[in-house]
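The structure appears right after this line, and notes come after that.
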Amino acid sequence: MGDWLRQSTLDRVDAESVLCYALQQPRSYLFSHSDEPLAPTVLKNLEQLSQRRANGEPLAYITGTAEFWSLSLSVTTDVLIPRDDTGCLVEVALSLWPTVPQDGFVVDAGTGSGAVAIAFAKETGANIIATDVSPAALKVAQANAARLVPGLIQCQQANWLHGWKPNSISLLLSNPPYIRADDPHLKAAELQHEPESALISGADGLDDLRTLIQNATTALMPGGALAFEHGYDQAEAVQALLINAGFQGIATVQDLSGNDRVTHAKAR
Ligand SMILES: C[S@@+](CC[C@H](N)C(=O)[O-])C[C@H]1O[C@@H](n2cnc3c(N)ncnc32)[C@H](O)[C@@H]1O
């Protein structure tokens, strides 16, 4: 297998990942078995997997697995591949958790793979309602939740917070779609494979955040908090929307790269 790795046109990390996936072995196996030849069926499989990667398909979709917050999540093309930057939303949620009423619902709206809800449940042991408009995404979230935090997460189909009982949510988390419809980044090869409905949010990227903020004005209980991920250049606009909607204690937190990433606020 050492020969295959040396000859692969993929970069080293991708080649090793594809090889581990084809062999269904951990990375350590490659070092202890590097002199072993590969079976013809494995070689054929590797050729197909390498071609998919060379065509720009994300590794996470090829292997069906993505790492987030030290969790190994199953992913399909029905869900966004969770990004490291979204760890910022989990950190903000954990800091808000002791400050909110403990008798309301915690909601992760637009849960996708369940990444945010599962990381939060893992850290706090709290019960969470994870919602998404996509039944296919909810199936992925449900399976991840059952495997990683059994009994803590309830998955529900919903269009943001439409129809939600007033004054019932103590902590609302969301990483909604927030890319502008004409954003040139959407042409990046990797984004071509992700669901458009998880990425794009109208002409200015703020349609879903506007809806969520509007919904939150009635759904959040007094003293409840919200935290939303957004684009690096959207903090000012999100803060303005929250001010206009009557929220208080509004602040923005930067991700590991120093970009504005999560804005949070409290209901009066
Ligand atoms: C950017 S992805 C975030 C996924 C996941 N929370 C994460 O951080 O990896 C946005 C998610 O919002 C969902 N979504 C889009 N429109 C929605 C709506 N109207 N109501 C609820 N969820 C929606 C998408 O299906 C997608 O799963």
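In this note's numbering, the protein residues as written are 931 to 1198.
In this text, a Cβ means the ideal position worked out from N, Cα and C, and glycines have one as well.
Here the structure is a predicted model, which means the values were calculated and not measured.
Quiz item: Assuming Thr993 and Ser947 make a contact with CB atoms under 8 Å, what is their CB distance in whole Å?
Solution: Position 63 of the sequence shown, counted from the start, is the residue given in the question as residue 993. Position 17 of the sequence shown, counted from the start, is the residue given in the question as residue 947. With 8 Å as the limit, Thr993 and Ser947 qualify as a contact, their Cβ atoms being about 6 Å apart.
Quiz item: Any heavy atom of ligand 1 within a distance shorter than 6 Å of the CB on Val1022?
Solution: Along the sequence shown, one-based indexing puts residue 1022 at 92. No; taking the cut-off as 6 Å, the Cβ of Val1022 has no heavy atom of ligand 1 nearer than that.
Practice problem: Could you check if Thr1193 is buried or exposed, using at least 16 other CB atoms within 10 Å of its CB as the buried criterion? | Solution: For the purposes of this step, residue 1193 is taken as residue 263 along the sequence shown, with counting starting at 1. With 16 or more other Cβ atoms within 10 Å, it is buried.
Quiz item: At which residues does the alpha helix (DSSP H) containing Gly932 begin and terminate?
Solution: As a working note, residue 932 is residue 2 in the sequence shown. It spans 932-937 - the alpha helix (DSSP H) in which Gly932 sits, taken as one unbroken run.
Quiz prompt | Beta-ladder partner(s) of Lys1196, from DSSP | solution = Locating residue 1196 in the sequence shown gives position 266, counting from the first residue. According to DSSP, Lys1196 bridges with Ala1155, Gln1178.
Quiz item: Which residue's Cα is closest to the Cα of Ala1060: Asp933, Leu1068, Glu1053?
Solution: Stepping through the sequence shown from its first residue, residue 1060 is reached at position 130. With distances taken between Cα atoms, Ala1060 lies closest to Leu1068.
Quiz prompt | Per DSSP, cross-strand counterpart(s) of Leu1102 | solution = The residue you call residue 1102 lines up with position 172 of the sequence shown. Partner(s): Val1037, Leu1156.
Quiz item: Any idea which residues DSSP pairs Thr995 with across the strands?
Solution: As a first step, residue 995 must be located in the sequence shown, where it is residue number 65. Partner(s): Ser1004.
Self-check item: Nonlocal neighbours in the same chain, by C-beta distance under 6 Å from Asn975, ignoring five residues either side
Solution: As a working note, residue 975 is residue 45 in the sequence shown. Ala952, listed in sequence order.
Quiz item: How big is the Cα-Cα spacing for Val1079 and Lys1052?
Solution: Walking along the sequence shown from the start, residue 1079 turns up at place 149. Walking along the sequence shown from the start, residue 1052 turns up at place 122. Spanning the two alpha carbons is a distance of roughly 6 Å.
Quiz item: Going by alpha carbons, who is nearest to Ala1181 out of Asn1189, Ala1157, Asn1174, Ser962?
Solution: Against the sequence shown, residue 1181 aligns to sequence position 251. Residue Ala1157 is the option with its Cα nearest to Ala1181.
Quiz item: At what residues does the alpha helix (DSSP H) containing Gln981 begin and finish?
Solution: Within the sequence shown, numbered from 1, the residue matching residue 981 stands at position 51. Looking at the DSSP string, the run of the alpha helix (DSSP H) that includes Gln981 is 970-984.
Quiz prompt | Val1183 (DSSP reduced to helix, strand or coil) | solution = Counted from its first residue, the sequence shown places residue 1183 at position 253. Correct three-state label for Val1183: strand.
Self-check item: Beta-carbon spacing of Ile1083, Gly1034 below 7 Å
Solution: Along the sequence shown, read from residue 1 onward, the residue named residue 1083 stands at position 153. Along the sequence shown, read from residue 1 onward, the residue named residue 1034 stands at position 104. Cβ distance not < 7 Å, so Ile1083 and Gly1034 don't count as in contact.
Quiz item: Going by other Cβ atoms of all chains shown within 10 Å of its Cβ, with 16 needed for buried, is His1160 buried or exposed?
Solution: As a working mapping, residue 1160 is identified with position 230 in the sequence shown. Buried, by the Cβ-count rule.
Quiz item: Does DSSP classify Asp1138 as helix, strand or coil?
Solution: Along the sequence shown, read from residue 1 onward, the residue named residue 1138 stands at position 208. Helix.
Quiz item: Between Asp1138 and chain B, is there a C-beta pair that is closer than 7 Å?
Solution: Here there is only one protein chain, and chain B is not present.
Practice problem: Taking only runs that begin and end inside the region 1042-1089, name each unbroken beta strand (DSSP E) of 3 or more residues, in chain order. | Solution: 1058-1062, 1083-1087
Quiz item: Can we count Asn1145 as close to ligand 1, meaning its CB is less than 6 Å from some heavy atom?
Solution: As a working mapping, residue 1145 is identified with position 215 in the sequence shown. Checking the Cβ of Asn1145 against ligand 1 gives no.
Exercise. State the CB to CB distance for the pair Leu1001 and Ile1048, rounded to an integer number of angstroms; the pair is presumed to be in contact (CB under 8 Å).
Key: To locate residue 1001, count along the sequence shown from 1; it is residue 71. To locate residue 1048, count along the sequence shown from 1; it is residue 118. Sure, about 6 Å apart at Cβ, within 8 Å.
Quiz item: Start and end of the alpha helix (DSSP H) containing Leu1091?
Solution: As a position in the sequence shown, residue 1091 is number 161, starting the count at 1. First-last for Leu1091: undefined, no H or E at that position.
Quiz item: Assuming Leu1019 contacts Leu1103 under a Cβ cut-off of 8 Å, what Cβ separation, rounded to an integer in Å, is found between them?
Solution: For the purposes of this step, residue 1019 is identified with residue 89 of the sequence shown, where counting begins at 1. For the purposes of this step, residue 1103 is identified with residue 173 of the sequence shown, where counting begins at 1. In this structure, Leu1019 and Leu1103 form a Cβ contact; the two beta carbons are roughly 6 Å apart against a cut-off of 8 Å.
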